[in-house]
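In this note's numbering, the protein residues as written are 3 to 277.
What follows is one structure encoded as structure tokens, with my remarks underneath.
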Amino acid sequence: MTDTQWKVAAGPDAAVAAIRRRTPVKPLVAIVLGSGLGGLADDVRDAVRIPYAEIPGWKRSTAPGHAGELVVGTLADKPVAVMKGRLHYYEGYDMADVTFPIRVFHAWGIGTLVVTNACGGLNPAFRSGDLMLMTDHVNFMGANPLRGPNDEKLGPRFPDMVGTYTEELRRLAHEVDADLREGTYVGVAGPNFETPAELRMLRGLGGDAVGMSTVPEVLVARHMGMRILAIATVTDMATGIPGQIEHVSAEAVLAVAEKAGKRLARVIEGVLEKL
Numbered sequence: 003m004t005d006t007q008w009k010v011a012a013g014p015d016a017a018v019a020a021i022r023r024r025t026p027v028k029p030l031v032a033i034v035l036g037s038g039l040g041g042l043a044d045d046v047r048d049a050v051r052i053p054y055a056e057i058p059g060w061k062r063s064t065a066p067g068h069a070g071e072l073v074v075g076t077l078a079d080k081p082v083a084v085m086k087g088r089l090h091y092y093e094g095y096d097m098a099d100v101t102f103p104i105r106v107f108h109a110w111g112i113g114t115l116v117v118t119n120a121c122g123g124l125n126p127a128f129r130s131g132d133l134m135l136m137t138d139h140v141n142f143m144g145a146n147p148l149r150g151p152n153d154e155k156l157g158p159r160f161p162d163m164v165g166t167y168t169e170e171l172r173r174l175a176h177e178v179d180a181d182l183r184e185g186t187y188v189g190v191a192g193p194n195f196e197t198p199a200e201l202r203m204l205r206g207l208g209g210d211a212v213g214m215s216t217v218p219e220v221l222v223a224r225h226m227g228m229r230i231l232a233i234a235t236v237t238d239m240a241t242g243i244p245g246q247i248e249h250v251s252a253e254a255v256l257a258v259a260e261k262a263g264k265r266l267a268r269v270i271e272g273v274l275e276k277l
């Protein structure tokens, strides 16, 4: 079967059926772990680990710091499905591929999505290692996963984006960690890190952080009426301000993300305990 035939033949229902053959767990929450943040998946108890390549229609992660496996089990006494690594638009996948896992989670009956990422801090008040709860976003990726024919069974043709990031979940996160930042995330296509001029422009648009993921998954989750908690890990300061310009590398981003991962895990597990 060619890649095209496989994609056509394998929709979300086929993926769910394949996963259910591997585990009887019915997750309440799906968690997407971003660059360098995969450590939380190792805390899942009674875990069943399924490589993405073994799930029909699910593409493989190729980015550094993304293991590329679905981990199903229990976290904070709640049944969960954890993506240890995500798919990115810059990897060459189309938006349908990038957001396919979210469609699978919804078809599986999951109603709450926790999504994480590593990002650059546009807000000069932030510091590397901060965790930012996303309260809003700007889609600067030049593409939208909702483009094309709409399936009314999944959601409306023109979904309302006001209140996308669930206030109740943010409140619970603040109860777990009072020092969490809040702000607006700007999603860009990548894969290059932004120029100083681009960073200043994005800050001018109201962005507090910038990254190459999350927005597509959030758009699809919102379209289907899922509750959403998004947490961005600030791995470097990307203000673009002369005299404050940093050179950024993927290795440095992963190092900071991994260091902040323990705090992120505490926040997510604390929220799960309160659900």
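Glycine included, C-beta positions come from ideal geometry on N, C-alpha and C.
Residue 230 is bridged by DSSP to 115.
In this chain, the beta strand (DSSP E) harbouring residue 83 covers 80-86.
According to the DSSP assignment, residue 72 belongs to the beta strand (DSSP E) that extends over 71-77.
By the neighbour-count criterion, in which a residue is buried when 16 or more other Cβ atoms sit within 10 angstroms of its Cβ, residue 264 is exposed. Non-local C-beta neighbours of residue 74 in its own chain, meaning closer than 6 Å and more than five positions away in sequence, comprise 25, 27, 50 and 83, ordered along the chain.
Below 8 Å, enough C-beta pairs join the segment 215-227 and the segment 148-162 to call them touching: three or more.
Here the segment 31-39 makes contact with the segment 102-122; the two share three or more CB pairs at distances below 8 Å. Counting of Cβ neighbours within 10 angstroms places residue 267 among the buried residues, the total reaching 16 or more.
Distance from the CA of residue 133 to the CA of residue 202, rounded to the nearest whole angstrom, comes to 21 Å. Separation of residue 251 and residue 260 (C-alpha to C-alpha, rounded to the nearest whole angstrom) is 14 Å. Rounded to whole angstroms, the gap between the alpha carbons of residue 122 and residue 237 is 6 Å.
Assignment of beta strand (DSSP E) within the segment 186-274, counting only whole runs of 3 or more residues, yields 211-213 and 229-239 in chain order. Taken through DSSP and simplified to helix, strand or coil, residue 21 comes out as helix.
Under the three-state reduction of DSSP output, residue 97 falls in the helix class. For residue 34, the enclosing beta strand (DSSP E) starts and ends at 31-35.
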